[in-house]
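A.B. asks: Sharing a structure here in structure tokens format.
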Amino acid sequence: MTPAESGPTGSSEQAKLLDALTKYVMTELSGDRFVAAVEREVDYGLESARRLTLGDVVTQEQVVAVALKYASDWRIAGAIPELAGEIAHRVHIRTLGQVGEELSDVVPEDSVAELSEKIATMPAFHRVVDRVYHSPVSAQLAAWFVYHVAVDSLRRNRALADNIPGVGTLLRLTGSISSRLAPSLPQIVDVRFREVTERITHYLVAHSHSLSDEETPESIVAAAMELWDEHAHSSLSSLGSAITSEDIEDFLILAFEFWRDFRKTSYFKAIVSEGIGFFFEKYSDQTLAEILDEVGVSREDMIEEALRFAPPIIGVISENGMLENFVRRQFEPFVNSEQVRELFS
3 MTPAESGPTG
13 SSEQAKLLDA
23 LTKYVMTELS
33 GDRFVAAVER
43 EVDYGLESAR
53 RLTLGDVVTQ
63 EQVVAVALKY
73 ASDWRIAGAI
83 PELAGEIAHR
93 VHIRTLGQVG
103 EELSDVVPED
113 SVAELSEKIA
123 TMPAFHRVVD
133 RVYHSPVSAQ
143 LAAWFVYHVA
153 VDSLRRNRAL
163 ADNIPGVGTL
173 LRLTGSISSR
183 LAPSLPQIVD
193 VRFREVTERI
203 THYLVAHSHS
213 LSDEETPESI
223 VAAAMELWDE
233 HAHSSLSSLG
243 SAITSEDIED
253 FLILAFEFWR
263 DFRKTSYFKA
273 IVSEGIGFFF
283 EKYSDQTLAE
293 ILDEVGVSRE
303 DMIEEALRFA
313 PPIIGVISEN
323 GMLENFVRRQ
333 FEPFVNSEQV
343 RELFS
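The sequence shown begins at 3 in our numbering and counts up one residue at a time.
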């Protein structure tokens with residue numbers, strides 16, 4: 003038996019006092035009396051919050067230190083990314099794999115239109131498009147695409163010509179003669195055709211306006227909405243089949259690895275510090291009650307959540323004796339104190 007469970011070491015009056023205090027507290031934490039106590043203490047807390055400002059109770063430096071500790075310095079255990087992967091697998095199976103909702107049921111058309119319009123009107127978006135449009139890599143990819151389209155077209159036309167009586171024979175005959183007279187001719191033609199394609203493509207890109215110069219935001223939004231209309235009525239399960247749970251898990255791993263490195267950078271720490279600094283500039287002189295009101299936390303919310311979580315927990319620790327043990331530990335030093343002994347002497 004622990005000292006807290008052994009009871010007071012003083013007189014029987016002190017033991018009775020400890021029993022009475024324990025019984026009183028446990029009664030206050032049950033039934034309607036607990037509900038009344040929650041409402042009463044929330045009201046007292048809000049009244050105190052009206053007299054205290056944010057700057058009275060905490061400093062900017064304290065909050066920055068705590069934020070950086072957990073966001074930047076705190077060691078992330080291996081169980082966290084593993085758990086995230088398992089949750090992603092379960093979510094993929096239970097949502098994308100089984101539900102019958104369409105994409106439009108989850109993402110409203112208005113939201114897609116507003117997001118597309120916002121992106122299309124952002125100067126940063128136009129700068130990115132302009133850089134990509136005039137990039138040598140983009141020109142190279144365009145030339146590669148044009149070349150393969152042309153080659154595929156020639157191959158299809160050759161296959162069609164082979165089916166025409168006389169024409170196929172003529173093509174095979176001329177090809178045979180040219181291969182004997184100039185064996186490397188096909189390769190030379192192919193190389194020259196590639197070079198011409200690349201030169202033409204680079205010239206057109208260099209002497210044309212970029213998308214950001216000519217295309218209006220309306221046309222970009224229209225293109226986005228046209229793409230949306232094609233897939234709006236696709237089921238989530240059909241879209242989910244294109245992305246496996248392993249793909250999602252791989253993405254989470256990549257995101258975790260990026261976050262693990264990014265949170266150590268001075269840039270991230272500056273973001274955290276500046277964000278908290280601005281918050282204190284705006285709210286440091288406001289009362290805690292005003293801040294609660296601005297973020298939308300009401301008296302009713304506090305009472306509702308207290309009554310949602312507290313009664314089940316109190317019920318469990320009351321049944322297993324942990325609550326009584328806790329109450330006795332709090333009051334036993336007081337009951338055994340010299341001041342109380344003097345009261346009963």
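Glycine included, each C-beta is placed from N, C-alpha and C at the ideal position.
Could you give the DSSP three-state label for residue 177: helix, strand or coil?
C.D. replies: Taking the sequence shown and counting its residues from 1, one reaches residue 177 at position 175. Model confidence at residue 177 stands at a pLDDT of 46, short of 50, so the residue's coordinates are unreliable; what they give is reported in the following sentence. If DSSP states are grouped into helix, strand and coil, residue 177 belongs with the helices.
A.B. asks: In this structure, does DSSP put residue 123 in helix, strand or coil?
C.D. replies: In the sequence shown, the residue the question calls residue 123 occupies position 121. Three-state result, residue 123: coil.
A.B. asks: Drop a sphere of 10 angstroms on the beta-carbon of residue 162, count the other beta-carbons inside from all chains shown, and report buried for 16 or more, exposed for fewer.
C.D. replies: Locating residue 162 in the sequence shown gives position 160, counting from the first residue. Low confidence applies here, because residue 162 scores a pLDDT of 49, under 50, leaving its location unreliable and the question unanswered by this model.
A.B. asks: Assign residue 291 to one of two classes, buried (16 or more other C-beta atoms within 10 Å of its C-beta) or exposed (fewer than that).
C.D. replies: By 1-based counting over the sequence shown, the position of residue 291 is 289. Label assigned to residue 291: buried.
A.B. asks: Residues in its own chain within less than 8 angstroms of residue 13 by CB, not counting five upstream and five downstream?
C.D. replies: Mapped onto the sequence shown, residue 13 falls at position 11. Answer for residue 13: 343, 346, listed in chain order.
A.B. asks: Please list, in chain order, all residues of the same chain as residue 26 whose beta carbon is under 8 angstroms from its beta carbon, the five residues on each side excluded.
C.D. replies: The residue you call residue 26 lines up with position 24 of the sequence shown. Same-chain partners within the cutoff: there are none.
A.B. asks: Identify the residues that DSSP records as bridge partners of residue 55: which are they?
C.D. replies: Walking along the sequence shown from the start, residue 55 turns up at place 53. In the DSSP output, where bridge partners are listed per residue, residue 55 has 289.
A.B. asks: Quick check: residue 284 and residue 74, are their CB atoms within less than 8 angstroms of each other?
C.D. replies: Counting from 1 along the sequence shown, the entry for residue 284 is found at position 282. Counting from 1 along the sequence shown, the entry for residue 74 is found at position 72. Cβ distance not < 8 angstroms, so residue 284 and residue 74 don't count as in contact.
A.B. asks: Assess contact between the segment 38 to 50 and the segment 286 to 301, defined as three or more Cβ pairs (one per stretch) separated by less than 8 angstroms. Is contact present?
C.D. replies: Output reads yes: the segment 286 to 301 touches the segment 38 to 50.
A.B. asks: Taking residue 305 as part of the alpha helix (DSSP H), name the residues at either end of that continuous run.
C.D. replies: Counting from 1 along the sequence shown, the entry for residue 305 is found at position 303. Where residue 305 is concerned, the enclosing alpha helix (DSSP H) stretches over 301 to 321.
A.B. asks: Could you name the residues that DSSP lists as bridge partners for residue 248?
C.D. replies: In the sequence shown, the residue the question calls residue 248 occupies position 246. Residue 248 pairs with nothing; no bridge assigned.
A.B. asks: Below 8 angstroms between beta carbons: does that hold for residue 318 and residue 69?
C.D. replies: The residue labelled residue 318 in the question sits at position 316 within the sequence shown. The residue labelled residue 69 in the question sits at position 67 within the sequence shown. Not in contact: residue 318 and residue 69 (Cβ atoms no closer than 8 angstroms).
A.B. asks: Hey, residue 20 and residue 337 are a contact pair by Cβ (cut 8 angstroms); roughly how many whole angstroms apart?
C.D. replies: One-based indexing of the sequence shown puts residue 20 at position 18. One-based indexing of the sequence shown puts residue 337 at position 335. Rounded, the Cβ-Cβ distance is 5 angstroms, consistent with contact.
A.B. asks: Considering only residues of the same chain and omitting the five flanking positions on each side of residue 389, which have a CB-CB separation below 7 angstroms?
C.D. replies: With the chain represented from 3 up to 347, any question about residue 389 goes unanswered, as that position is not in the structure.
A.B. asks: For residue 262, does the count of other Cβ atoms within 10 angstroms reach 16, so buried, or fall short, so exposed?
C.D. replies: Within the sequence shown, the letter at position 260 stands for residue 262. Answer is exposed; the Cβ neighbour count stays below 16.
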